[in-house]
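Trainee:
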Amino acid sequence: MNISRLSWQNIISNPLHTALSLLLMTLGIGIISLLFLLNNQIEQQLQSNLRGVDMVVGSKGSPLQIILSSIYHIDNPTGNIPYEEALKIKKNPLVDITIPLSFGDSYNGFRIVGTTHQYPDLYKMTLSKGRMWQTNLEVVLGNNVAQTHNLKIGDSFYGTHGLIEGGHIHDNYSYEVVGIFNNSTSVMDQLILTNTESVWQVHNHETISHQHDSLTNSDVKVNNSQEAMITSLLVKFKNPIGIIQIPRKINETTNLQAAIPALEISRLTNLLGFGVQTINIIALIIIIVSGLSIFINLYNSLKKRRYELALLRLHGATKLQMVQLVLQEATILSLLGTLFGLSISRIILFLLSLSIKHQHSFSSIQLDLLGEELWLFPIALLVGIIASLIPIIISYNINIPKTLYDD
């Protein structure tokens, strides 16, 4: 007697109840799996883009906003800061590296960032084509920027005021593409890099008079009537003493805001964690409801098939085989729901990555089975087994003569 085949036949003989049980199990498992995948993806992106930056200095405002805008480029900056103040921070003996960032313009939604060569060096960027910028209005493109707009070496384009599409076009100044970075699966893939002087020139700052990299070479001379500004400053310290002393001093004695990336990201993940826990609880409730649906499905199926089960017993089927029959039905439904849920979560994540790739750094998504997801299999099986307990008892204790006589 093929118990597995009988179990499968029983499942497909009642498609409506089976579909409902699978749908609920798939929904619960899928939500939890998607949260695991998103949490893993976000944590990887948050950590990989920090690149050892100890402090970010920006205009007074939200420290988290400064971090999100200057490191991850997914928020608007809090304002601009004087370039002269950035130079003072650079001269502090506890400071190792300072990298200025100037942004406020974009090209079809991709940010144009004025900076130094140290910025791509921080991410260990390599060029797939061309060279690094050397003079004003030369740009190097992130890989995703070049692919999205099919830009090549020698192409020119105009920047747009603001960080979203539809702003005023700076048609007096065109940028020339001189290089394209290799794919890095970091925020660099979404950026257009140039020197700081280019940003000042486009915004009518009188600059000039130094080498290639502001802040790392000679000082910039600007017109006294219009002080040069940058958006933010990335800072790495020589030792841990710097991170203890300098941020507090900046926040207490200047009009600048010093934000600590590690601290702000920790706060952000804690906030996200609360929401994830809440959704996980909802998903677990859905899984429990799916277990109830499996129970109802098995119970109703047994009520309809009591006569068939009695005949099976009459033809030599043992009580243990009856238990196995019911248990396999519950197990099949639980495992199928789990597999469907894991598959659906990956399809959703893939579609989500396609829809937001233009705005954020989702150049590479991880669809491999996570360690946390392995727990979903025993959880689903446990729910299925619990749901099958009463039907198992009924099938085990079936009264053959009475059942055959009544039916």
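Per the numbering used here: the sequence shown ends with 407, consecutive numbering throughout. Cβ atoms here follow ideal geometry from the backbone N, Cα and C, with glycine treated the same way.
So what does DSSP say about Thr207, is it helix, strand or coil?
Mentor: Annotation note: pLDDT 42 at Thr207 (below 50); position unreliable, coordinate value reported separately. It is coil, neither helix nor strand.
Trainee: For a test of the three-state rule: what should DSSP assign to Ile294, helix, strand or coil?
Mentor: Three-state DSSP puts Ile294 in a helix.
Trainee: Tell me the rounded alpha-carbon separation between Thr18 and Thr185.
Mentor: The alpha-carbon atoms of Thr18 and Thr185 are separated by roughly 42 Å.
Trainee: Roughly how far, in whole angstroms, is the beta-carbon of Asn143 from the beta-carbon of Asn182, given that I think they are within contact range, below 8 Å?
Mentor: So it is a contact: roughly 6 Å between Cβ atoms.
Trainee: Is DSSP giving Val53 helix, strand or coil here?
Mentor: Residue state, collapsed to three classes: coil.
Trainee: Alpha carbon to alpha carbon, how far is Asp75 from Leu51? Give it in angstroms, no decimals.
Mentor: For the record, residue 51 in the displayed sequence is Arg; it is not Leu. If I take the Cα positions, the gap works out to 19 Å.
Trainee: Tell me whether Arg267 is buried or exposed, calling it buried when 16 or more other Cβ atoms sit within 10 Å of its Cβ.
Mentor: Exposed, by the Cβ-count rule.
Trainee: When you compare each of Gly159, Gly167 and Gly130 to Ile180 by their alpha carbons, which one comes out closest?
Mentor: Among Gly159, Gly167 and Gly130, the Cα nearest to that of Ile180 belongs to Gly130.
Trainee: Rounded to whole angstroms, what's the CA-CA distance from Leu101 to Leu68? Just pull it up for me.
Mentor: In a straight line, the C-alpha of Leu101 is about 13 Å away from that of Leu68.
Trainee: May I ask you to report which of helix, strand or coil DSSP gives Asn217?
Mentor: In this prediction, Asn217 scores a pLDDT of 38, lower than 50, which makes its location untrustworthy; no coordinate-derived value is stated.
Trainee: Would Ser232 pass as an interface residue toward chain B - the criterion being a Cβ-Cβ separation below 9 Å?
Mentor: Chain labels in this structure do not include chain B; a single protein chain is all it has.
Trainee: Hey, how far is the Cα of Ser355 from the Cα of Leu320?
Mentor: Answer to the nearest angstrom: the Cα atoms are 52 Å apart.
Trainee: Below 8 Å, can you find three or more Cβ-Cβ pairs linking the region 113-120 to the region 156-176?
Mentor: With the cut-off at 8 Å, the region 113-120 and the region 156-176 do not touch.
Trainee: Report all residues from its chain with a CB closer than 6 Å to the CB of Gln324; omit the five preceding and five following residues, and keep chain order.
Mentor: Ile3.
Trainee: Measure the Cβ-Cβ separation of Glu138 and Thr194 and say whether it is below 9 Å.
Mentor: Contact: yes.
Trainee: State the Cα-Cα distance for the pair Gln147 and Ile347, rounded to the nearest angstrom.
Mentor: Cα to Cα, the separation comes out at about 23 Å.
Trainee: Using only alpha-carbon positions, find the residue among Asn172, Ile169, Thr135 and Val177 that is nearest to Ile153.
Mentor: The residue with the shortest Cα to Cα distance from Ile153 is Val177.
Trainee: Which value, in whole angstroms, describes the spacing of the CA atoms of Ile344 and Asn14?
Mentor: C-alpha separation (whole angstroms): 24 Å.
Trainee: In whole angstroms, give me the CA-to-CA distance for Phe36 and Leu369.
Mentor: Phe36 and Leu369: Cα-Cα distance of roughly 10 Å.
Trainee: Could you compute how far the alpha carbon of Glu84 sits from the alpha carbon of Glu227?
Mentor: Whole-angstrom Cα-Cα distance: 8 Å.
Trainee: Which two residues bound the contiguous alpha helix (DSSP H) that contains Ser70?
Mentor: Ser70 -> alpha helix (DSSP H) spans Pro63 to Ser70.
Trainee: Quick check on DSSP: helix, strand or coil for His117?
Mentor: Looking at His117 - three-state DSSP - the assignment turns out to be coil, as it is neither helix nor strand.
Trainee: Could you tell me which uninterrupted alpha helix (DSSP H) segments, each at least 4 residues in length, are contained entirely in the region 317-366, listed from first to last along the chain?
Mentor: Segments of the alpha helix (DSSP H) lying fully in the region 317-366: 319-356.
Trainee: Runs of 4 residues minimum, wholly inside the region 109-166: which ones carry the alpha helix (DSSP H) assignment?
Mentor: Taking only runs of at least 4 residues, the alpha helix (DSSP H) segments lying wholly in the region 109-166 are 118-122 and 143-149.
Trainee: Under a three-way DSSP split, which group does Glu176 fall into?
Mentor: Residue state, collapsed to three classes: strand.
Trainee: Compute the Euclidean distance between the alpha carbons of Ile89 and Thr338, then round it to the nearest angstrom.
Mentor: Roughly 54 Å separates the two Cα atoms.
Trainee: Express the C-alpha separation of Ile169 and Gly104 in angstroms, rounding to a whole number.
Mentor: Near 12 Å, if we compare the C-alpha coordinates of Ile169 and Gly104.
Trainee: If you run the structure through DSSP and keep just helix, strand and coil, what is Ala262?
Mentor: In this structure, Ala262 counts as helix in the three-state DSSP scheme.
Trainee: Report the rounded CA-to-CA distance for Ile286 versus Ser353, giving the unit in angstroms.
Mentor: Roughly 26 Å separates the two Cα atoms.
Trainee: Return the CA-CA distance between Gly275 and Leu349, expressed in angstroms with no decimal places.
Mentor: If you take the alpha carbons of Gly275 and Leu349, they lie about 18 Å apart.
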